[in-house]
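Chains as they are written, first to last, in this note's numbering: chain A, 22 to 135; chain B, 42 to 153.
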């Protein structure tokens, strides 16, 4: 079966711009989570959506937002980009988003803010 | 407050020997603990998990041990292979919370 697809793979944006990243989960998975990974850091939780509802949110400023569509596809948006937003953004999907079943991650979107 | 910590940024072992990766946590509410492996330019791949009501879970060459009193878990890889060289992340989750908390990762290098 197809894995988690994230588009685009690479992105270069200018400070102050906004960006939208897309994630298509595994078919049948209703939970989509977003994580940010910066050099030397673990994965920082951004938010999780389950059946189009945001169920949990991490400690990121309001410039970071997301949504989930009825087909479980998800997007995250970052407005007014800052240099510190440069990171690998990972999307993960799972059936129900909890428990010991683990997430399936996409390959990520590498965002560079210049 | 970092609730999940991997105190060793790197580990190097010889092929065929045992690799032991460690993880400590502070939140006693965690219900599940998971290990992921990550290669460069790829997303993390789920390896193995353990419920907080168990103390050991085994899957092939991978075994995870949980010591709840010490709030410590470890991943054992036996025997280690060069293809195991990757970054390993420890993660913990609370049932129905919809999020996992990750450690900073340990880079494992298995030398031929």
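C-beta: ideal position from N, C-alpha, C; glycine also.
Taking C-alpha atoms, which residue in the options lies nearest to residue i?
i	options	result
residue 89/A	122/A, 129/A and 70/A	70/A
residue 116/B	96/B, 134/B and 124/B	96/B
residue 115/A	113/B, 77/B, 69/B and 139/B	139/B
residue 48/A	28/A, 87/A, 41/A and 23/A	23/A
residue 74/B	87/B, 50/B and 82/B	87/B
residue 101/A	128/A, 108/A, 25/A and 84/A	84/A
residue 134/A	55/A, 97/A, 104/A and 126/A	104/A
residue 92/A	125/A, 52/A and 82/A	52/A
residue 75/A	82/A, 86/A and 81/A	86/A
residue 82/A	94/A, 60/A, 98/A and 72/A	98/A
residue 94/A	127/A, 106/A and 33/A	127/A
residue 107/B	63/B, 56/B, 152/B and 51/B	63/B
residue 137/B	96/A, 77/A, 106/A and 108/A	77/A
residue 121/A	153/B, 105/B, 129/B and 58/B	105/B
residue 103/B	77/B, 150/B, 81/B and 55/B	77/B
residue 70/B	147/B, 148/B, 133/B and 150/B	133/B
residue 131/B	148/B, 123/B and 59/B	148/B
residue 107/A	43/A, 44/A, 58/A and 41/A	58/A
Since residue i contacts residue j with CB under 8 Å, what's their CB separation in whole angstroms?
i	j	result
residue 44/B	residue 67/B	5 Å
residue 130/A	residue 30/A	6 Å
residue 79/B	residue 93/B	The pair is not a contact, with the Cβ atoms about 24 Å apart (cut-off 8 Å).
residue 126/B	residue 123/A	Their Cβ separation, rounded to whole angstroms, is 21 Å, which puts residue 126/B and residue 123/A out of contact at 8 Å.
residue 63/A	residue 145/B	4 Å
Got a sec, what are the start and stop residues for the beta strand (DSSP E) residue i sits in?
i	result
residue 143/B	141 to 143
residue 70/B	No beta strand (DSSP E) holds residue 70/B; DSSP gives it neither H nor E.
residue 138/B	Note, residue 138/B: premise wrong, no beta strand (DSSP E); not H, not E.
residue 110/A	108 to 115
residue 42/A	40 to 45
residue 57/A	52 to 58
residue 148/B	147 to 152
residue 26/A	26 to 28
Provide the residue(s) that pair with residue i in DSSP beta bridges, ordered along the chain.
i	result
residue 134/A	34/A
residue 96/A	43/A and 88/A
residue 129/B	78/B and 147/B
residue 125/A	114/A
inquiry  = Restricting to runs no shorter than 3 residues, where is the beta strand (DSSP E) found entirely within the stretch 62 to 89 of chain A?
reply    = 64 to 71, 74 to 78 and 85 to 89
message = Suppose only complete runs of 3+ residues qualify. What are the beta strand (DSSP E) ranges in the stretch 49 to 126 of chain B, listed by chain order?
response = 51 to 55, 60 to 66, 73 to 79, 86 to 92, 97 to 100, 103 to 108 and 113 to 118
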